[in-house]
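Asker: Just passing along the structure, written as C-alpha cells.
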C-alpha cells in the first residue's frame, strides 16, 4: 500500500484530476440528454468512488494531533 508521503500526494493529484474530468463528462452528457442512462450511472458511481478514495487519502495525509 502507499506509505510514502510523495506517493500519496501524487495519487491524490491523479484521483482529483480524474474526478474533475468525470465531472465535466457527466455534465456534458446530462446537457445533451444522454440516451444511455446506464453509462451515465456508471460514470456517476465511479466519480463517487473517486471522491471516497480522495477523502481516505486526505485523511492519511493529515496527522492525528489530539491535544
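Residue numbers (my numbering): 857 to 923. C-beta: ideal position from N, C-alpha, C; glycine also.
(1) With burial defined as no fewer than 16 other Cβ atoms inside 10 Å of the residue's Cβ, what is the status of residue 871: buried or exposed?
(2) Grab me the residues of residue 875's own chain with a C-beta within less than 8 Å of its C-beta, minus the 5 sequence neighbours each way, in chain order.
(3) Would you identify the three-state DSSP class for residue 882, choosing helix, strand or coil?
(4) Mapping DSSP to helix, strand and coil, what is residue 860?
(5) Over the uninterrupted alpha helix (DSSP H) stretch that includes residue 891, give me the two end residues.
Answerer: With the given structure in hand:
(1) buried
(2) 903, 906, 907, 910
(3) helix
(4) coil
(5) Residue 891 -> no alpha helix (DSSP H), and no H or E assigned at all.
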